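Taking the working numbering, the leading residue of the sequence shown gets 777, the next gets one more, and so forth.
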Amino acid sequence: MRGKHRWGVALLAVAAIAAGWFLVDRWRRSGFDAQVFLSTLRQVDPRWLAAATALVLLTYYGRVLRWAVMIRHLTPKPSHWRLFSATAVGFTAVVLFGRPGEFVRPYLIARREGTAVSAQLAVWLLERICDMLVVLILFAFGLTQIPDLASLGPKLNFLIEAGGRAVMALGGVCLVVLFVAGRHHEWAERRIHDALAILPAQPGDRAKRMVTAFLDGIESIRRPGSAALVAIYTILEWLVIAGAYYCLLEAFPATAGRSLSEVFAFLGLVALGSAVQIPGIGGGMQVASVIVLTELFSVSLSAATGIALLTWIITFVIIVPVGAAFALHEGINWRKLKEMEVASQP
């Protein structure tokens, strides 16, 4: 057994060395300069960075306010503290486990507010629809800030073309869902129940209850007052996010002094690119940030990598200590989070 263990360790060491050599070689070929990368991180302005951090944390409370409006018909007076705790833990789960961690937040809120998980999943979907529509608008605005689309590099061109098609399709689906749920709630429920009639009695009844709970979860968009508040909170949420991105760009000498229109363009293209896989490169917010910074703002690859890394930490990872503190206080360990993730998936 010890011999096998040693061989396993040796193979892992060889694989790690080979991977490290591959990355170093690729960086050299791409013109990556470690000195410029480190210099970019050293030159960051801590005041702008602190302002960006404060605004990012404020966006999580903005999500709490919007969620409270969207579940008002389910829970008349939801606890903002419990919602914030579930939001922090939920986004921490997303950082640690990826997209499947999205289900942790609605599961925690359903358990704490005494509602059906499927209803909270519907609220989560409504939240995503609102955000997707804003991203679509920001992306369209970002395109207007590019003076000559033909002069763009192949990576940014692919990002815009593929991302544009994906966002347009998702935007269309979002509008259809909002229209059907808002205007034809009863008709949609009847049609879905009729389609589920082919199932055996027990699973069919369970599916019908889930559909009813799901449609009840997005009941808020049928009420003019609630729908208006959701729209207002969504706009304010993204204005705060834009403010955070403005502070982040101001924190680096290479991107300081950008206009508000450039900030919105950067935000829209990065939000879009986060969901797009670039052939031979991959996807994610960091990759999208590097592509936009280098090809649209003419920032060097090394400096753009440093800016993208810190942007990812501030806008995405910063919630982890907060979520971990809430989880520790409430006796939630990471094994339980994984169990919640599985239990809450439809």
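Just so it is clear, CB atoms sit at the ideal spot from N, CA and C, and this is done for glycine as well.
What you are looking at is a predicted structure, and each value in this text was computed from that prediction instead of being measured.
Across the structure, THR1070 and ALA898 are spaced so that their CA atoms are roughly 38 Å apart. In the three-state reduction of the DSSP assignment, VAL820 falls in the coil class, being assigned neither a helical nor a strand state.
Annotation for PHE867: the continuous alpha helix (DSSP H) segment containing it runs 856 to 873.
Counting of Cβ neighbours within 10 angstroms places GLN896 among the buried residues, the total reaching 16 or more. Secondary structure of ASP970 (DSSP, three-state): helix. Beyond the five residues adjoining it in sequence on each side, ALA1103 comes within less than 6 Å, by CB distance, of VAL865 in the same chain, given in chain order.
Within the region 1004 to 1072, the runs of alpha helix (DSSP H) that reach at least 4 residues and sit entirely inside it are, in chain order, 1036 to 1049 and 1061 to 1071.
Less than 8 Å separates the beta-carbon of ILE1095 from that of PHE867. LEU1024 counts as buried, since at least 16 other C-beta atoms from the protein chains shown sit within 10 angstroms of its C-beta. THR1010 is positioned such that its CB atom lies no closer than 8 Å to that of ARG875. Here the region 809 to 823 makes contact with the region 1073 to 1086; the two share three or more CB pairs at distances below 8 Å.
When DSSP states are grouped into helix, strand and coil, ASP907 belongs to the helix group. Close CB contacts of VAL845 within its chain, under the 7 Å cut and outside five residues either way in sequence, are with SER996, SER1002, LEU1005, VAL1006 and TYR1009 (chain order). The count of Cβ pairs closer than 8 Å, one atom from the region 1022 to 1041 and one from the region 816 to 835, reaches three, so the stretches are in contact.
For the pair ALA1020 and LEU831, the CB atoms are nearer than the 8 Å cut-off. Your pair PHE1092 and VAL871 checks out as a contact, with CB atoms roughly 6 Å apart and the cut at 8 Å. The beta carbon of PHE917 sits closer than 7 Å to the beta carbons of PHE1040, ALA1041 and GLY1044 from its chain, once the five residues preceding and following it are set aside; these are given in chain order.
Nearest Cα to SER1035 within the set LEU833, ALA1018 and HIS1105: ALA1018. ARG839 is positioned such that its CB atom lies closer than 8 Å to that of GLU1013. Relative to ARG1111, the option among VAL1066, ASP970, PHE873 and ARG999 whose CA is nearest is PHE873. THR829 is the residue among ILE847, GLY1033, THR829 and LEU825 whose C-alpha sits nearest the C-alpha of VAL1098. Per DSSP, VAL880 is one residue of the alpha helix (DSSP H) stretching across 880 to 889. Sequence-distant Cβ neighbours of ALA827 in its own chain, meaning closer than 7 Å and more than five residues away, are CYS1023.
Contact between VAL1046 and MET1061 is confirmed by a C-beta separation of about 6 Å, below the 8 Å threshold. Residue GLU1038 holds the alpha-carbon nearest to the alpha-carbon of LEU914 among PRO979, LEU975, GLU1038 and ASP981. Excluding sequence positions up to five before and after ILE885, its CB lies within less than 6 Å of the CB of ALA862 and GLN896, all in the same chain and listed in chain order. Between PRO854 and GLU889 a beta carbon distance of about 6 Å is seen, short of the 8 Å cut, so the two are scored as contacting. The Cβ atoms of PHE808 and LEU1077 lie closer than 8 Å to each other. Sixteen is the threshold: since fewer than 16 other Cβ atoms of the shown chains lie within 10 Å of the Cβ of ALA977, the residue is exposed.
One Cα belongs to ARG966, the other to ALA892, and the distance between them is close to 20 Å.
Annotation: the continuous alpha helix (DSSP H) that includes LEU1077 extends over 1077 to 1088.
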